[in-house]
Each structure stands twice: as C-alpha cells, then as structure tokens.
Amino acid sequence: MSHDAAPQPATARRSNALSGVARVPGDKSISHRSFMFGGLASGETRITGLLEGEDVLRTGAAMKAMGAHIEKHGGEWIIRGTGNGALLQPEAPLDFGNAGTGSRLTMGLVGTYDMETTFVGDASLSGRPMGRVLDPLRQMGVQVLKSAAGDRMPLTLRGPRQATPIAYRVPMASAQVKSAVLLAGLNTPGITTVVEPVMTRDHTEKMLKGFGANIHVETDERGVRHIFIDGQGKLTGQVIAVPGDPSSAAFPLVAALVVPGSDITIENVLMNPTRTGLLLTLQEMGGNIEVLNPRNEGGEDVADLRVRASDLKGVAVPPERAPSMIDEYPVLAVAACFAEGETLMQGLEELRVKESDRLAAVARGLEANGVDCTEGEAALAVRGRPGGKGLGGGTVATHLDHRIAMSFLIMGLAAEKPVTVDDANMIATSFPEFMGLMAGLGALIE
Numbered sequence: 001m002s003h004d005a006a007p008q009p010a011t012a013r014r015s016n017a018l019s020g021v022a023r024v025p026g027d028k029s030i031s032h033r034s035f036m037f038g039g040l041a042s043g044e045t046r047i048t049g050l051l052e053g054e055d056v057l058r059t060g061a062a063m064k065a066m067g068a069h070i071e072k073h074g075g076e077w078i079i080r081g082t083g084n085g086a087l088l089q090p091e092a093p094l095d096f097g098n099a100g101t102g103s104r105l106t107m108g109l110v111g112t113y114d115m116e117t118t119f120v121g122d123a124s125l126s127g128r129p130m131g132r133v134l135d136p137l138r139q140m141g142v143q144v145l146k147s148a149a150g151d152r153m154p155l156t157l158r159g160p161r162q163a164t165p166i167a168y169r170v171p172m173a174s175a176q177v178k179s180a181v182l183l184a185g186l187n188t189p190g191i192t193t194v195v196e197p198v199m200t201r202d203h204t205e206k207m208l209k210g211f212g213a214n215i216h217v218e219t220d221e222r223g224v225r226h227i228f229i230d231g232q233g234k235l236t237g238q239v240i241a242v243p244g245d246p247s248s249a250a251f252p253l254v255a256a257l258v259v260p261g262s263d264i265t266i267e268n269v270l271m272n273p274t275r276t277g278l279l280l281t282l283q284e285m286g287g288n289i290e291v292l293n294p295r296n297e298g299g300e301d302v303a304d305l306r307v308r309a310s311d312l313k314g315v316a317v318p319p320e321r322a323p324s325m326i327d328e329y330p331v332l333a334v335a336a337c338f339a340e341g342e343t344l345m346q347g348l349e350e351l352r353v354k355e356s357d358r359l360a361a362v363a364r365g366l367e368a369n370g371v372d373c374t375e376g377e378a379a380l381a382v383r384g385r386p387g388g389k390g391l392g393g394g395t396v397a398t399h400l401d402h403r404i405a406m407s408f409l410i411m412g413l414a415a416e417k418p419v420t421v422d423d424a425n426m427i428a429t430s431f432p433e434f435m436g437l438m439a440g441l442g443a444l445i446e
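In full-length UniProt numbering, the protein residues as written are 1 to 446.
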C-alpha cells in the first residue's frame, strides 16, 4: 500500500458474540530482527511465520540493498547473508515507509560501517525523533552528514574507518535504542556495553546469541542489566519459526472480553515475559483469559489463549509495567471504556513519540466517542461504562497510526453506537489480515 493512497474509512458496529479460533501474524519485533540478522549472518537462514506486513518487508528490502539475498519459497523465507562486517553501501536511500523499528535498528547496524547510508520514510516516520539512536552512535564515531531539523529523516550517516566501543546507559526504557547500540557493536572492535536500568523486550539479545554472537548479560543487585557484546565475531544462519505477535493478538483478545457472550481461542502467541504486560493487566481487571499448552519454541515461550467475555473492573496500571506493554495502551484504553470504575495508566511518556502522539490520539478518539477520560503529561485515566451504554457515534482521527485504527474498530464492536476511523489503510503495516481475521470471528467491520 502507498502512504499517499486515498484514505479508506472503516466503521465497526455492535456485534453478536465472537467465536472461533484465530492465529495472528508473526511477531513484528522478531520478524524485523530475523531479516536483519539473517541478512548479516554467514550461510543460510530459513524463516517461517514471518510477519509479511509492510514495515517488515521494508527491513527486508534494506538488507537486500546492502547485499543480502532474500527469496520466498512457499511459506518459507530463505536468506543468504553477507557475513558480519560485509554489508555493502546501498546505491539509493533506504526507504523505511512507516517502520520505526526497522529504521532505528538499521541505523545501528550500518552506522559503524565505513560508508554513507541515507534513510527516508513517510510523513509519519519523518516526524519521529531519531536523536535517541543517533546520540550513542555519534559517541562511536558515526557522523550525521545531513538530517532534517531535530535529527529527523531524511538523514545521511557516515561511518568511521574504525568505530569506537562504548559503554552506554540507556536514558529511557527503549528496546530500539538498546538494540541499535548492540547492533553497532557487531561491527566495532572490542566490547560494546549497554546498561539498561529498566528491562525492555529482549529479542535482540536472545536472537544474537542464537546466531552465534558473543553476547552476555549480567544483572546487578538493583536489577540493572549490563549487556556486553564482543564485536567483529561471526554470525551463522539459523532456522527461525516466528511466534504470533502479542501486540496483534491484543485486538481480538480485547474484542472477546468486551463483546458479550464471546469465547475465542488465539493460537501460538509469543509469551516472552517482557511482552505480557497487557495480559497481566487484563487478568487483574477480571478478564477470563486461560493460558493453554504453554511451550518453548526456538528459545521463546509460546502458548494458546482462550478468552471469554468478562465483566471488567478498573485498575491502576503501575508505570514500571509500561515497557512490557507500550504498544498495547491504545487497546487497553478501549477495554477500560467497558470496565466498571476508573482505569489509570501511568508512565506513558514513550507514547508521545510513536507513529503519532499516541497518547493524545487515544484521548481525542475516546472523547469523540463519549468516553469520560483525562489525559495527563504521561498518564491517561478512563472511566468506563459497563455495557458500552452511550458510547460510540464518533469518527476517530488515526494520524497514520495502525494501532489507533485497530483499537477504535474494536471499540465499535461493543459500543452502543458505531465507531468510525478516518483511515484503515495503514493497518497493513503491521496486521494485513486484521479485517479478515476479525470478520471470521463474527465482528461487524466494514
């Protein structure tokens, strides 16, 4: 899909009980990293279950532009990588569309190479700050030759002849910043260290270890993680089965909780402890979510989830939980609309710099649909109406943000009046099957 495509509004209406079995697309974080590490490793990497959303495919295209061979055969992606340290200078700018993860991680990956690389993106991505990634890269010797105001895209990086290893304390809870520094360390002599005061999703560490990187983690008595990576080692191709994305599973999951009489099962969901904050919160709210068949696949915890309609109660979500559910707050806010009492979400400053100012976008969407809510600088309080009485009837401005679009379509399934989003095009960036999957469970979205 082109980001210049004419907006495609969509409307969700109050639905009868949802039922059935669903399988969400592959995890976005693991899919991005599978393309990157496979493209960098020596030998062959085979991937099944990859999320074929536009964001991930942009990362694949970037790796191809730097010398990796990537082909799809049936349901399997086969990559022949360049070998660590052997990426080639791309002939044209790398266009990441709307992919924040892909662009920030790739800046780390290529920044320490002795070459020039230009990054461009769509209007939404071009508005997002990249300084948080560029600051540590500058300490390693990377030059930002050109950028739009405020370290934004389009921007051009020039790597040093030989990068300098650093010890970097991540100033905010950000898996993207942590990962960018670790990836820069892959092509840097010596040991690069990342100090992480608050643990964030750890797919980069787990997957680099799986590909053969010399990486280890020490956690001190205060819970601060010190991650050490030895640069210029060999990465070897792997076989990867990507589990289902918990951030995508969040949408049918919340829908089943709030649409009366619903009973669905979502199969093969990633249960990495750094990603289960939403599940924990919904269970605290009284959500009937059963974890079935827990298992370990490829170093990651996976399970099936049976979800039944539930009477939810408002809770206070502690700020320290934010890193484990940062992408799920929009759909949690929707669940809170149907809960008894107030749900208070704190520690949300990171939402201000997502695909949109996600905190403001959620609050405006809630207000447009009759929800009593209060937006703080880094907090959101939602006072629910069990049964959805009086809710809905509004149109939500999505600001090119896929999670805003999907969250408010879920709201419309249980609200008294329909809910419309101004554009559903961008849902394809992370969850191309969303409309079909929800319709298969009985949701009324058109």
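From the three backbone atoms N, C-alpha and C, an ideal C-beta is built for every residue, glycine too.
| Item | Value |
| --- | --- |
| Answer yes or no: do Val254 and Val371 have a C-beta to C-beta separation smaller than 8 Å? | no |
| Would you tell me roughly how many angstroms separate the C-alpha atoms of Ser2 and Asn98, rounded to the nearest one? | Residue placement at Ser2 cannot be trusted, given a pLDDT of 43 that sits under 50; the coordinates are not used to answer. |
| Would you check if the distance between the CB atom of Asn214 and the CB atom of Asp202 is smaller than 8 Å? | no |
| Considering only heavy atoms of the ligand GDP, does any lie closer than 7 Å to the CB of Val133? | No copy of the ligand GDP appears in this structure; indeed no ligand is present at all. |
| Tell me whether Thr193 sits in a helix, a strand or coil according to DSSP, three-state version. | strand |
| Whose C-beta lies closer than 6 Å to the C-beta of Thr374 among residues of the same chain, with five residues either side of it excluded? | Ala381 |
| So does the stretch 39-47 actually touch the stretch 276-295, counting three or more Cβ pairs closer than 8 Å? | no |
| If you count every other CB in all the chains shown that lies within 10 Å of the CB of Asn84, and 16 or more means buried, which is it? | buried |
| Arg321 lies in the alpha helix (DSSP H); which residues open and close that run? | Taken as a continuous stretch (DSSP letters only), Arg321 belongs to no alpha helix (DSSP H), as it is neither H nor E. |
| As a quick exercise: from Leu351, Glu349 and Leu312, pick the residue whose alpha carbon is nearest that of Thr343. | Leu312 |
| Quick check: the stretch 22-35 against the stretch 425-441, are there 3 or more CB pairs under 8 Å? | yes |
| When you compare each of Gly440, Pro171 and Thr106 to Thr204 by their alpha carbons, which one comes out closest? | Thr106 |
| So, with DSSP's three-state summary, where would you put Gln8? | coil |
| Output the distance between the C-alpha atoms of Gln89 and His399, rounded to the nearest integer angstrom. | 33 Å |
| What number of angstroms, rounded off, separates the C-alpha of Ala6 from the C-alpha of Glu340? | 39 Å |
| Excluding the five sequence neighbours on either side, which residues of its own chain have a C-beta within less than 6 Å of the C-beta of Gly388, listed in chain order? | Phe338, Ala414, Ala415 and Glu416 |
| Which residues does DSSP list as the beta-bridge partners of Ile70? | Ile79 |
| Taking the DSSP output, what are the residues bridged to Ser42? | Thr236 |
| With 16 as the cutoff for other CB atoms within 10 Å, does Asp220 come out buried or exposed? | exposed |
| Hey, out of His226, Gln238 and Glu218, whose CA is closest to Phe211's CA? | Gln238 |
| Am I right that Thr117 and Leu94 are in contact with their C-beta atoms under 8 Å? What's the rounded C-beta distance? | 7 Å |
| Here's a check: name, in chain order, each residue in its chain whose Cβ is nearer than 7 Å to the Cβ of Leu18, leaving out the five neighbours to either side. | Ala255, Ala256, Val259, Ser262, Ile264, Leu441, Gly442 and Ala443 |
| So, at 7 Å on beta carbons, what are the nonlocal neighbours of Thr200 in its own chain, with the 5 sequence-adjacent residues on each side left out? | Ala173, Ser174, Ala175, Lys178, Thr274 and Pro323 |
| Can you check DSSP and say which residues form a bridge with Asp95? | Val120 |
| Might you give, ordered along the chain, the residues of its own chain that have their beta carbon closer than 6 Å to the beta carbon of Gly185, omitting 5 neighbours on each side? | Thr192, Ile229 and Gly231 |
| Since Ile427 is in the beta strand (DSSP E), which residue starts that stretch and which ends it? | Run containing Ile427: none; DSSP gives neither H nor E here. |
| Where are the alpha helix (DSSP H) runs, 4 residues long or more, that stay fully inside the stretch 245-326, in chain order? | 246-258 and 277-284 |
| Quick check on the DSSP output: what are the complete alpha helix (DSSP H) runs of length 4 or more inside the stretch 330-389, in order along the chain? | 358-368 |
| Drop a sphere of 10 angstroms on the beta-carbon of Arg128, count the other beta-carbons inside from all chains shown, and report buried for 16 or more, exposed for fewer. | buried |
| Would you kindly work out how many angstroms separate the C-alpha atoms of Val317 and Thr276, rounded to a whole number? | 13 Å |
| By DSSP, does residue 447 sit in helix, in strand, or in coil? | No statement about residue 447 is possible, as the shown extent of the chain runs from 1 to 446 and does not include it. |
| Does the separation of the CB atoms of Gln139 and Ile166 fall below 8 Å? | yes |
| If we ignore side chains and look at the alpha-carbon of each, how far apart do residue 472 and Leu391 end up? | Outside the shown range of the chain, which is 1 to 446, sits residue 472, and nothing can be said about it. |
| Alpha carbons only, please: which of Ala336, Thr429 and Asp422 is nearest the one belonging to Arg385? | Ala336 |
| Does the beta-carbon distance from Val181 to Pro243 come in below 8 Å? | no |
| I'd like the span of the alpha helix (DSSP H) that includes Thr112, first residue to last. | Where Thr112 is concerned, there is no enclosing alpha helix (DSSP H), given that its DSSP letter is neither H nor E. |
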